[in-house]
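>
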Amino acid sequence: MSWSEGAEGQQALPYPYYVDIVTKRYFDGVDNKQLDKVLDCFTEDAVLTEATSNTVHDGIGAIRAMFEKLFADFSSIWHGNFVHTADPATNTICSQFTVLITPEGGEELRYENCNRFYLKGDRFHRVYVYMSGDNLLKEGDA
Numbered sequence: 149m150s151w152s153e154g155a156e157g158q159q160a161l162p163y164p165y166y167v168d169i170v171t172k173r174y175f176d177g178v179d180n181k182q183l184d185k186v187l188d189c190f191t192e193d194a195v196l197t198e199a200t201s202n203t204v205h206d207g208i209g210a211i212r213a214m215f216e217k218l219f220a221d222f223s224s225i226w227h228g229n230f231v232h233t234a235d236p237a238t239n240t241i242c243s244q245f246t247v248l249i250t251p252e253g254g255e256e257l258r259y260e261n262c263n264r265f266y267l268k269g270d271r272f273h274r275v276y277v278y279m280s281g282d283n284l285l286k287e288g289d290a
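For what it's worth, the numbering used here labels the leading residue of the sequence shown as 149, then goes sequentially.
(1) Where are the beta strand (DSSP E) runs, 3 residues long or more, that stay fully inside the region 175–206, in chain order?
(2) Within 7 Å (strictly less), CB to CB, does residue 288 reach chain C?
(3) Considering only residues of the same chain and omitting the five flanking positions on each side of residue 224, which have a CB-CB separation below 6 Å?
(4) Anyone know if the C-beta pair for residue 239 and residue 158 falls short of 7 Å?
(5) How would you label residue 230, buried or exposed, when you count the other beta carbons within 10 angstroms and need 16 or more for buried?
(6) If residue 265 sits next to residue 170, beta carbons under 8 Å apart, how far is it from one beta carbon to the other, in whole angstroms?
(7) Mark residue 163 as exposed unless 16 or more other C-beta atoms lie within 10 angstroms of its C-beta, in which case mark it buried.
(8) So what's residue 236 in DSSP terms, helix, strand or just coil?
(9) In angstroms with no decimal places, state the Cα-to-Cα distance between residue 201 and residue 252.
(10) May I ask you to report which of helix, strand or coil DSSP gives residue 268?
(11) Between which two residues does the alpha helix (DSSP H) containing residue 212 stretch?
(12) Kindly list the residues whose CB is nearer than 7 Å to the CB of residue 248, restricted to its own chain and excluding five residues on each side of it in sequence; keep chain order.
(13) Using 10 angstroms around the beta-carbon of residue 287, count the other beta-carbons present and answer buried if the total reaches 16, otherwise exposed.
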């Protein structure tokens, strides 16, 4: 069966796996600016979309460039106060959370965001980011 976003029949993983990849791997990697740890959560042909501005990062190269820009533009990043809902039958997890992020030389910003992660196997294949403020996930130099 070919992969289809949110379709039934995906490879179901144990519920704790979804919470672990989102919090202990992905967001921990983002908060600590560990690019390889972050990218290891994605398939090579993953697509990350910042949905509130319809900014699309297509493929691991574009996702890498976006994170390189994010890490360079912000001196500190923190994600927490998570609320997760995972659906192993469709291999997806939705996570609501708080973001505290400080631009280089600027004042701390607070966001209340929600991400929807669609996994293919054990990695993110499609990610939709919904931000409560301006888009922080701008295109980098791929």
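Positions of the beta carbon are idealized from the N, C-alpha and C atoms, including for glycine.
Well, looking at it:
(1) 190–198 and 203–206
(2) Among the chains of the structure shown, chain C does not appear; only one protein chain is present.
(3) 250
(4) Result yes, Cβ atoms of residue 239 and residue 158 sit closer than 7 Å.
(5) The residue in question, residue 230, is exposed, as its Cβ has fewer than 16 Cβ neighbours within 10 Å.
(6) 6 Å
(7) exposed
(8) helix
(9) The alpha-carbon atoms of residue 201 and residue 252 are separated by roughly 22 Å.
(10) strand
(11) 208–221
(12) 226, 256 and 258
(13) exposed
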